[in-house]
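Working notes, structure below.
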Amino acid sequence: MVWVASAAGLALMLRRRRRQLPRVLRTPWPSLALVAVALAVAVVAYPVFDERRSTGGGSDADDAVLVVLDNLEAGVHDPYETDTYLGNPPASGPGSLVWFAPFASRATYPLGLVAAVVMLLGVLRACTGSWLQPSVVAGLLALSVPFWEGLAQGSDHLPFACSLGCAAALVGRARR
276 MVWVASAAGL ALMLRRRRRQ LPRVLRTPWP SLALVAVALA VAVVAYPVFD
326 ERRSTGGGSD ADDAVLVVLD NLEAGVHDPY ETDTYLGNPP ASGPGSLVWF
376 APFASRATYP LGLVAAVVML LGVLRACTGS WLQPSVVAGL LALSVPFWEG
426 LAQGSDHLPF ACSLGCAAAL VGRARR
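Under the working numbering, the residue at position 132 of the sequence shown is numbered 407, and the numbers go up by one with no gaps.
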């Protein structure tokens, strides 16, 4: 349902003529605002949600990434041998592991999520030469409940989705 509402919001925004779009969408401010709020959520909310693991609650997606990275660093033969705190085998792919390698601790992990958003907005800006597209994407992300939920819970799907957005922008640029 949330995705339908987000798509409807995008359709309404794009129905307006380009000239009628608010001027602020042609500036970096929507992107900067999203990154600032995302950073605040990552620094404040993520530790609160992550602490739920001590009672067996929450999502173990971040734990799966961190367990495998810890095992790789320790030189464990099979880095996937250790289960997450919920008893699930890690299912993190190599892309998530490479992305989060610089953020391989519970303290820095949420910064990897914010870095993915920064990367997406930066690539959109570089590919289009305008702030309009990054601003529209920033607005859509800001209105998306799953985005904030994924950020607060440490979902490894967020960098994957941002990477897909970057790939689409780069392919679109190459076709021009």
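For glycine and all other residues, C-beta sits at the position ideal for the given N, C-alpha and C.
A quick note: this is a predicted structure, and the numbers were derived from the prediction, not measured.
Exposed or buried, residue i, counting other C-beta atoms within 10 Å across all chains shown (16 or more means buried)?
i	result
residue 410	buried
residue 299	exposed
residue 338	buried
residue 416	buried
residue 297	exposed
residue 313	buried
Compute the distance between the beta-carbons of residue i and residue j, then report whether it is under 8 Å.
i	j	result
residue 372	residue 342	no
residue 380	residue 340	no
residue 392	residue 446	no
residue 302	residue 406	yes
residue 419	residue 334	no
residue 389	residue 317	yes
Express the C-alpha separation of residue j and residue i in angstroms, rounding to a whole number.
i	j	result
residue 359	residue 434	20 Å
residue 438	residue 444	10 Å
residue 322	residue 450	42 Å
residue 350	residue 408	43 Å
residue 414	residue 352	44 Å
residue 370	residue 345	16 Å
residue 304	residue 436	22 Å
residue 382	residue 306	24 Å
residue 324	residue 315	14 Å
residue 283	residue 412	14 Å
residue 308	residue 442	24 Å
residue 432	residue 384	13 Å
With a CB to CB cut of under 7 Å and the five nearest residues on each side skipped, what residues in its chain are close to residue i?
i	result
residue 364	355 and 358
residue 347	354
residue 403	none
Excluding the five sequence neighbours on either side, which residues of its own chain have a C-beta within less than 8 Å of the C-beta of residue i, listed in chain order?
i	result
residue 320	426 and 427
residue 387	374, 375, 377, 378 and 434
residue 327	333
residue 424	430
What span of residues does the alpha helix (DSSP H) with residue i cover, start to end?
i	result
residue 400	384 to 403
residue 363	Taken as a continuous stretch (DSSP letters only), residue 363 belongs to no alpha helix (DSSP H), as it is neither H nor E.
residue 304	304 to 325
residue 420	420 to 428
residue 434	432 to 450
residue 336	336 to 349
residue 415	407 to 417
residue 371	369 to 375
If I measure Cβ to Cβ from residue i and keep anything under 6 Å in the same chain, skipping five residues before and after, which residues do I get?
i	result
residue 361	335
residue 440	395
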